[in-house]
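Quick note, the sequence shown lines up with residues 4 to 154 if you use our numbering. Beta carbons: idealized from backbone N, C-alpha and C, even for Gly. This one's a predicted model, so the numbers in the text were calculated from it and none came from an experiment. Working notes for the structure below.
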Amino acid sequence: MIKSWTADRWIASGLAVFSIFYVILAYNLPRFSMATIIDAHVFPMFIGIVQFALSIWLWLDSRDTAKKDSPWKSLELRGGLFMVLLSAVYIEMLPSIGFIVSTFIFLAISPYILGWKNWVISLVLAAILSMGTYWLFSTLMVPLPKGILGF
Numbered sequence: 004m005i006k007s008w009t010a011d012r013w014i015a016s017g018l019a020v021f022s023i024f025y026v027i028l029a030y031n032l033p034r035f036s037m038a039t040i041i042d043a044h045v046f047p048m049f050i051g052i053v054q055f056a057l058s059i060w061l062w063l064d065s066r067d068t069a070k071k072d073s074p075w076k077s078l079e080l081r082g083g084l085f086m087v088l089l090s091a092v093y094i095e096m097l098p099s100i101g102f103i104v105s106t107f108i109f110l111a112i113s114p115y116i117l118g119w120k121n122w123v124i125s126l127v128l129a130a131i132l133s134m135g136t137y138w139l140f141s142t143l144m145v146p147l148p149k150g151i152l153g154f
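Here it is, written out as structure tokens:
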């Protein structure tokens, strides 16, 4: 029985090709000079192999669906496009206004774009997550962009 090419199959095929290239690039990462079992390439290769396995599973699990049952028919692209635009603005503003401010703005606006309308909880979570992440990274001595606040 030959299955037709549904959207799931196209996506699974693209993910499989991407994960193959990802595993190849992860394998070519530079090695540590000391002899260790876990090297710089191990975790990225693991992620790539898991992604490849999941894409094969998606490809095999895809069903023939009629056009009326397609999830792509009612897909709302506007929110996704706004999220891509917001992510690009976040990346551009990160060095100039800093991690805490740009992450707070990104995390405060994202739920609204995705359909969640509770601003109070959104602002509280954005503040906790942006400052908590900054605290964690500073505790681990990983530098983040300082920006206008100076910390």
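Residue nearest to residue i in terms of C-alpha spacing, selected from the options
| i | options | result |
| --- | --- | --- |
| Ile124 | Trp13, Tyr137, Leu110, Asp42 | Leu110 |
| Pro98 | Pro146, Val45, Ser58 | Pro146 |
| Leu117 | Ile40, Gly83, Glu95, Thr142 | Gly83 |
| Asp11 | Leu63, Thr106, Trp138 | Leu63 |
| Pro148 | Gly101, Phe107, Tyr137, Trp119 | Gly101 |
Three-way DSSP call (helix, strand, coil) for residue i in this model
| i | result |
| --- | --- |
| Leu126 | helix |
| Asp11 | helix |
| Asp42 | coil |
| Ser36 | coil |
| Ser65 | coil |
| Gly153 | coil |
| Met144 | coil |
| His119 | Before going on, a small fix: residue 119 reads as Trp here, not His. The answer is coil: DSSP assigns Trp119 none of H, G, I, E or B. |
Neighbourhood of residue i by C-beta distance below 7 Å, restricted to the same chain and skipping five residues each side
| i | result |
| --- | --- |
| Asp42 | Arg34, Phe35 |
| Phe107 | Ala129, Ala130, Ser133 |
| Leu89 | Phe109, Ile112, Ser113, Ile116 |
| Met96 | Ser105 |
Presumed contact (8 Å Cβ cut-off) between residue i and residue j, rounded CB distance
| i | j | result |
| --- | --- | --- |
| Met134 | Ile103 | 6 Å |
| Leu61 | Ala15 | 4 Å |
| Ala29 | Met48 | 5 Å |
Close beta carbons around residue i, own chain, < 6 Å, minus the five adjacent residues each side
| i | result |
| --- | --- |
| Ser65 | Thr9, Asp11, Arg12 |
| Tyr25 | Gly51 |
Other residues of its chain near residue i: CB distance less than 8 Å, five sequence neighbours each side excluded
| i | result |
| --- | --- |
| Ser22 | Gly51, Ile52, Gln54, Phe55, Ser58 |
| Met86 | Ser113, Ile116, Leu117 |
| Tyr93 | Ser105, Thr106, Ile108, Phe109 |
| Trp119 | Ser125 |
Between the CA atoms of residue j and residue i - distance to the nearest angstrom
| i | j | result |
| --- | --- | --- |
| Phe140 | Gly17 | 34 Å |
| Pro114 | Met37 | 45 Å |
| Trp122 | Ala91 | 22 Å |
| Ile151 | Val127 | 21 Å |
| Ile27 | His44 | 10 Å |
| Ile40 | Arg81 | 46 Å |
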